[in-house]
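> Structure incoming, see below.
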Amino acid sequence: MNATSTALNSLAPLVGTWAIDGPGLSGTVRYEWMDGGGFLVQHVELVHDGEATRGVEYIGLHAESGELRSHFFAQSGEILEYVYQLSGDTLTIWYGGVGSPAKFVGTFDADRVRNTGAWHWPGGGYESNMTRVEEPAR
Numbered sequence: 001m002n003a004t005s006t007a008l009n010s011l012a013p014l015v016g017t018w019a020i021d022g023p024g025l026s027g028t029v030r031y032e033w034m035d036g037g038g039f040l041v042q043h044v045e046l047v048h049d050g051e052a053t054r055g056v057e058y059i060g061l062h063a064e065s066g067e068l069r070s071h072f073f074a075q076s077g078e079i080l081e082y083v084y085q086l087s088g089d090t091l092t093i094w095y096g097g098v099g100s101p102a103k104f105v106g107t108f109d110a111d112r113v114r115n116t117g118a119w120h121w122p123g124g125g126y127e128s129n130m131t132r133v134e135e136p137a138r
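Under the UniProt record's numbering, residues 1 to 138 are what the sequence shown spells out, in order.
Written as structure tokens, this is what we have:
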């Protein structure tokens with residue numbers, strides 16, 4: 001296994017389809033491996049406070065930093081960058097880069113079928129939870 005596949009494999013618990021919920025939040029996300037395994041791809045369909053967000057995110061290993069960086073491409077034309085880390089049962093997704101005050105922090109249950117967490121940023125944030133609705137194809 002090379003460094004890219006080893007690092008990306010740390011995010012394997014995300015693979016599958018998830019229902020998203022929280023106050024004013026609903027939708028579905030689906031994580032899958034890109035052919036060849038070089039990227040983890042997330043498909044997003046969310047509604048938050050009446051605003052729909054659709055897009056696709058590509059998560060891969062940044063060779064220089066060793067971080068799992070992503071680019072999210074929204075239907076609006078917006079491109080957002082994140083850094084992913086799954087340490088034990090805690091998933092952290094920083095907006096922009098590690099150490100950013102804008103981030104998601106969530107904890108998986110023992111069976112890794114539910115992640116309970118929230119997005120935080122200076123002056124705001126919201127609860128965002130994931131419940132697995134479909135196991136990945138094997």
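Note that beta-carbon positions come from the ideal geometry of N, C-alpha and C, so glycine has one too.
1. Would R54 and V41 be called neighbours here (beta carbons separated by less than 9 Å)?
2. Do the CB positions of T107 and G117 come within less than 9 Å of each other?
3. Between which two residues does the beta strand (DSSP E) containing F39 stretch?
4. Look at the alpha carbon of E64 and the alpha carbon of V83, and state the distance between them as a whole number of angstroms.
5. Mind checking who S70 pairs with in its DSSP beta bridge?
6. Could you give the DSSP three-state label for A7: helix, strand or coil?
Short version:
1. To locate residue 54, count along the sequence shown from 1; it is residue 54. To locate residue 41, count along the sequence shown from 1; it is residue 41. No, Cβ-Cβ distance for R54 and V41 is not below 9 Å.
2. Here the question's residue 107 lines up with position 107 in the sequence shown. Here the question's residue 117 lines up with position 117 in the sequence shown. Result yes, Cβ atoms of T107 and G117 sit closer than 9 Å.
3. Position 39 of the sequence shown, counted from the start, is the residue given in the question as residue 39. Neither: F39 is in no beta strand (DSSP E) and is coded neither H nor E.
4. Position 64 of the sequence shown, counting from 1, holds the residue named residue 64. Position 83 of the sequence shown, counting from 1, holds the residue named residue 83. Distance between the alpha carbons of E64 and V83: 14 Å.
5. Here residue 70 corresponds to residue number 70 of the sequence shown, with the count starting at 1. According to DSSP, S70 bridges with I59 and Y82.
6. For this step, residue 7 is matched to residue 7 along the sequence shown. DSSP places A7 in helix when its eight states are reduced to three.
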